[in-house]
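Report on one structure; see the data block that follows.
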Amino acid sequence: MSSKFRYTLLTTDGDDNEIEIPVTVEYDYSPPRKGAREYPGGPPIEPDEGDEVEVCTVTDQSGKELKLTKEQEERVYEACCVDINSVQHERAEAAAEDHAEYLRELYEEADRKGY
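Here numbering that gives the first Met the number 0 is used: the first residue of the sequence shown is 0, the next is one more, and so on.
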């Protein structure tokens with residue numbers, strides 16, 4: 000899954016003053032997957048795979064790709080993880096709302112039919 004989000008990158012100038020740089024971060028995310036099993040629920044043939052996050056590009060407002068320091072790379076990676084959790088939370092909330100709406104409609108129909 001490829002995603003983009005806006006982020007404020009912190010850096011310093013020659014006088015050690017902090018500068019905020021608005022950037023766009025593009026990253027790929029692969030969720031964790033179970034390895035192959037001998038049979039459903041059986042012992043593994045292959046190990047499970049963990050989730051993976053790969054930062055693809057970090058660009059400034061003009062679209063120029065930036066070269067990051069190791070510390071900045073770590074901060075951007077952490078921001079990607081926060082974005083992933085936020086997206087997953089939003090999807091879970093939407094799914095819960097959809098299910099609640101489905102149940103409301105089901106109960107309303109049952110009431111109309113006198114069940």
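We treat Cβ as the ideally placed atom computed from N, Cα and C, and that holds for glycine. These figures come from a predicted structure and were not determined experimentally.
Measuring straight from C-alpha to C-alpha, what distance separates residue i and residue j?
i    : j    : result
R119 : P39  : Nothing can be reported for residue 119, as the shown portion of the chain is limited to 0 through 114.
K33  : E19  : 41 angstroms
H88  : H98  : 15 angstroms
V75  : E108 : 49 angstroms
D110 : Y101 : 14 angstroms
E70  : L8   : 11 angstroms
Drop a sphere of 10 angstroms on the beta-carbon of residue i, count the other beta-carbons inside from all chains shown, and report buried for 16 or more, exposed for fewer.
i   : result
D12 : exposed
Y26 : buried
A78 : buried
V22 : buried
D15 : exposed
Which of the three DSSP states, helix, strand or coil, is assigned to residue i?
i   : result
Y26 : strand
Can you name, in chain order, every residue of its own chain whose Cβ lies under 6 angstroms from the Cβ of residue i, other than the five neighbours on each side?
i   : result
E64 : T56 and T58
Since residue i sits in a beta bridge, which residues does DSSP pair it with?
i   : result
L67 : BP columns for L67 are empty, so no partner.
L8  : I20
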